[in-house]
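Structure first, then comments.
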Amino acid sequence: MAEGGEQEELLSPPPVSPAKRLCSWPSPQAHHPRGSPGAASGGVGGVGSSCLALGARPHLQPESLLDCAAKTVAEKWAYERVEERFERIPEPVQRRIVYWSFPRNEREICMYSSFQYRGGPGAGAAGGAAGASPAEEGPPPPPGAAAPAGSAPGATAAGASPGLGAGAGTVGCGGEGLPFRRGIRLLDSGSVENVLQVGFHLSGTVTELATASEPAVTYKVAISFDRCKITSVTCGCGNKDIFYCAHVVALSLYRIRKPDQVKLRLPISETLFQMNRDQLQKFIQYLITAHHTEVLPTAQKLADEILSSNSEINQVNGAPDPTAGASIDDENCWHLDEEQVKEQVKLFLSQGGYYGSGKQLNSMFAKVREMLRMRDSNGARMLTLITEQFMADPRLTLWRQQGTSMTDKCRQLWDELGALWVCIILNPHCKLEEKSCWLQQLQKWSDLDVCPLEDGNYGHELPNITNALPQNANHSPDSLSRPRRTVFTRAIEGRELHWQDGHLQRIISSDIYTSPACQRESERLLFNSQGQPLWLEHVPTACARVDALRSHGYPKEALRLTVAIINTLRLQQQRQLEIYKHQKKELLQRGTTTITNLEGWVGHPLDPIGCLFLTLTEACRLNDDGYLEVSDMNESRPPVYQHVSVAASCPNSSESYLSLALEVALMGMGQQRVMPEGLYAQDKVCRNEEQLLSQLQELQLDDELVQTLQKQCLLLLEGGPFSGLGEVIHRESVPMHTFAKYLFSALLPHDPDLSYKLGLRAMRLPVLENSASAGDTSHPHHMVSVVPSRYPRWFTLGHLESQQCELASTMLTAAKGDTLRLRTILEAIQKHIHSSSLIFKLAQDAFKIATPTDSSTDSTLLNVALELGLQVMRMTLSTLNWRRREMVRWLVTCATEVGVRALVSILQSWYTLFTPTEATSIVAATAVSHTTILRLSLDYPQREELASCARTLALQCAMKDPQSCALSALTLCEKDHIAFEAAYQIAIDAAAGGMTHSQLFTIARYMELRGYPLRAFKLASLAMSHLNLAYNQDTHPAINDVLWACALSHSLGKNELAALIPLVVKSVHCATVLSDILRRCTVTAPGLAGIPGRRSSGKLMSTDKAPLRQLLDATINAYINTTHSRLTHISPRHYGEFIEFLSKARETFLLPQDGHLQFAQFIDNLKQIYKGKKKLMLLVRERFG
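Just so we're on the same page, my numbering is the position in the sequence shown counted from 1, plus 5.
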């Protein structure tokens, strides 16, 4: 509470509340004797120096009978019950009960002042105040379950937790900013003072030391407690958080660590009872005098009410005492600020995926699990508050209205919420009325329209939590469908589960439970051949029981049930293998199977495999005894495991919980199961598998674990349709690529043959392969068949294919240098990988590994890279792929690294790998380049062989696709006269066909460049015949080609020019282009291009004579036609541009002798025809008269 808060309590009449129960005054004869020894002692010991804190007592000194009794009473009974039960309670006994009523375990303080802590396996259910006893909370735990912590005589004392010394050394290195760590620092710095315990109320002051920016501040702290639980806290710092502030922590730890330095007094009502009237009056008057400004109004009001016989105060016996502890009817639980929990959850949800809100909420879920493990009733209370805020999230309504699915992060939070409720419903020691209340609330939430569905999009295909899968393969589809299933459905279904089964009770209560010597027929199914107990229940449901035991602080019981479940799975695996051996021939002939699990264990909402794995590994985790490590949310230390022998195993068996953890993880992930429907469900399968594998990778594989790994892998390979790595699998089975990658890497150093066999078997992706129909259900089997013709959309197919590629890459890298293995892997890749992009990635990876920069090239892997590259070429030859050019260039580079024979090979078989354009422009051009010759250090015969192959390729491509390849063919063949002539003839023959004018002009320019002007002219003439240039295309890209062709013909002579001009007149209708050609042709020819026997006359060509007369007439006609066309739709803003156009036209008109007359007549015609355009005609008159 704030400073002055104590005065605030005195300002108003204190209400009757659980923290301040009514205390009456018995007669002096019936009350305790006063003035007994130790009554005036200021120490907590109270009964003399012999009553020291247990932590300060020599280890060999036993506790007194008084302390043993007081500890038990303080933990289990409300003090009011003690007062009612016994008329006379000696004061020393009262003091010891009050002394032992404060929490004794620092872990509990830590739990309420930090997000999480990491401790040893004994962290669960530790400490006397961890939770109410079975007598208080409900039915007793299962037989053999751990007794409520603290009930044993040797329970932890208030002096200090075992192994926890003073100072910061008791806490791990993490979480420096957490309240618990700050509280320890305050305690160690001596900031806690004036500590006083009055009955069940502890108070003191805590001083925050001065810093450079802030002065020292002292806060008043008050703590109420009852039955080893803190029931309320107030601090002057005004902390608004879920957790206790550092000042409350400091005061609490001071009381735990230094109990002998705390002044202890009995409840204030006891002290007042010892006073006579004069002492009471003096006490009241001194109290009022000390706080008269605050207390006087309240004191007067209370005095008036007491003096009034009809007042409410006088209607009740006794008066409230805040130091007397809780009443019998009060709920016995730790203080939890419900409003702050609601506010924090609401805040985190409102932030969506930002600011680490998901981590914060996950930490709150972890806190719930921690409370459950400590058997703290606040676990369910806190989860209820969290769920209420989740259900009130406005985004739920929005998502439902818009028909959109929630984000993955939010979906995962809902999954964890549902899993926690399953744990709470399966709580083995909860009261029936509590369970009924929870179920009613869950049903209410589940019935709401906005309640999220269990699998995101589909809510009907998974079986009930309490039922195993149907055993008959002929079940109709309707029998498998279920009503709407929400995230709370599995918890609601848990109402049918109980812990009263005798066989189950015996399993979890004893490590030595085996089959009886004389078994009844019904008992034979409950044990395996070694006499070990089995638990025949739907596997996810059985694992939910394990999670419930583990979560509620029964680690030994959870381990025993886990071992029974694993023994059951082993037996089922063996029986499935025997069934497969009888059907193996038939299944192998079909090549596929209709058998698979409809409900897989990986990605299951209850996470059965993860639960078993964590239960087993926690039993093997190495931790310093009593070491308390507080951490923030961002740090984690890698766990260290050791082998712990299985208590229930056969005498001669050496198996450990760690080997069982590995075994059950392999069995679960190796299970053949159908791919679930819906994006979220499929994504969850992948995510859960990766999570399990990351946990497996934390295990250091020693000889024992390697043996387990080998044994289980062999079983998976032989497991038939019940194993995802069996010889035959269902078309829609979840692929094993990620799992197999782990197995391959783990087994490779120990058993290479087995590792490669596994990896190659797992390369399959049957959903993409042409296999037999999955609809053959004529043979019923042990497990359920998939509904015929069910082909759901595989939303995660891209991810699965990338994992397939990762597996292949891992095997390729490991097989470097081994030709036989590489060949086998290559065949598997070519058979099972169907994505050209992924095969290309594999090829690139193999090439990179085969050609390291710091060592020699590995030819075996390099050849594999080339083979993969060739397959990519074949796969993408007839399909569109935006990376195709990159792939082609890379293949040529790879072939160059392999050698000249590889280049010759791809050149000779180009038609199966490349398009003609790729073959000529990239492949052949690169193969004969100077760079390639230097890279391979080729001699003359090798260069000639490459060049010959390139020329042959070029001619073949030119024949197949002359439009695209003619120029490249000419370029590649230019050093061989015969081949060059053949390429030229192909280009000429194709010119009459589908070649465009631009292609022909390009080839013509090349021919001129190579010194063949006549051939260039011929090609240019052919190109001109393909061209059509309209009157308004004065920026056409072919204009430069037309000008070049005219210049070429002009340079060759009058005859060639005369032959070209008719083609120009026919193809070009743009007046400006024609006038440009005419002007260029009138000047002296630039030369005759070195043609023997031809000389320039040196005279200007006349436009009045052939061949230019035809061009001049065409140009004038083009100007006339263009003028009329432009005037049809001309606007005033284009008048100036039109006048300039007429100026250019006049230049052309004036070339012949009578040109000025023609132009004048042309202008007069315009004036007459377009006299309506007065403004334009005015401009024409001004310029041209």
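Note that CB positions come from ideal geometry on N, CA and C, so glycine has one too.
Buried/exposed call for residue i, threshold 16 Cβ in 10 Å
i     : result
G179  : For G179, the pLDDT reaches just 45, beneath the cut-off of 50, and the residue's location in the model is therefore unreliable, although a value from the coordinates is still provided. Looking at its Cβ environment, which holds 16 or more other Cβ atoms inside 10 Å, G179 is buried.
T936  : exposed
S1148 : exposed
P521  : exposed
W419  : buried
Q594  : exposed
Y291  : exposed
S119  : buried
Y945  : exposed
G1177 : exposed
G132  : Because G132 carries a pLDDT of 36, less than 50, the predicted location of this residue cannot be relied on, and the following value inherits that uncertainty. Label assigned to G132: buried.
D309  : exposed
F288  : exposed
Q349  : buried
N319  : exposed
F91   : exposed
V427  : buried
Q990  : exposed
D859  : exposed
Top-ranked residue by Cα proximity to residue i, from the options
i     : options                   : result
L214  : L207, A251, A227          : A251
Q579  : V254, N533, V544, D1118   : N533
N110  : T294, P264, T212, L191    : P264
N1045 : S1056, T713, H1002, K1059 : H1002
L1068 : D1081, C1051, H557        : C1051
C548  : T818, T573, R529          : T573
I584  : I571, S883, R626, E723    : E723
Q577  : K268, P302, S728          : S728
P740  : I273, F852, L730, F749    : L730
G725  : Q715, D552, V78, S738     : S738
A813  : F800, F845, T1120, L802   : F845
D837  : F1154, L541, E806         : Per the sequence shown, residue 837 should be read as His rather than Asp. Cα-wise, what sits closest to H837 is E806.
L437  : L388, R500, Y1175, D863   : R500
A855  : L885, A820, S842, L825    : A820
P857  : V897, A670, E902          : E902
Assumed close pair residue i, residue j - CB separation to whole angstroms, cut-off 8 Å
i     : j    : result
L1005 : A987 : That pair is no contact at about 18 Å.
Y259  : V300 : In fact, because the Cβ distance is near 29 Å, the residues do not count as touching under 8 Å.
A851  : L866 : 5 Å
R879  : L918 : 6 Å
Proximal residues to residue i (C-beta, below 7 Å), its chain only, five neighbours per side dropped
i     : result
T491  : S451, C456, P457, L458, E459
E872  : L831
G464  : No answer about G464 holds up, because its pLDDT of 38 lies below 50 and its placement is not dependable.
A1009 : A1021, L1024, A1025, A1028
H648  : C625, S661, L663, E709
G822  : D863, T865
L1132 : Y1175
Close beta carbons around residue i, own chain, < 6 Å, minus the five adjacent residues each side
i     : result
K1023 : none
I1082 : C1051
L943  : none
L752  : L759, S760
T1127 : Y1036, A1076
A992  : A971, I1008
G136  : No answer about G136 holds up, because its pLDDT of 37 lies below 50 and its placement is not dependable.
Contacts around residue i, its chain only, beta-carbon distance under 8 Å, and the 5 residues preceding and following it disregarded
i    : result
G536 : T519, S520
Using a Cβ distance threshold of 8 Å, determine whether the stretch 242-256 contacts the stretch 69-84, with at least three qualifying pairs required. no
* **At least 3 beta-carbon pairs within less than 8 Å: the stretch 1057-1072 vs the stretch 1109-1122** => yes
key: Meets three-Cβ-pair contact criterion under 8 Å: the stretch 207-223 and the stretch 279-298   = no
* Can at least three beta-carbon pairs, one atom from the stretch 828-836 and one from the stretch 756-768, be found at a separation below 8 Å? -> yes
*Determine contact between the stretch 405-418 and the stretch 436-448, defined as no fewer than three beta-carbon pairs at a distance below 8 Å.*
no
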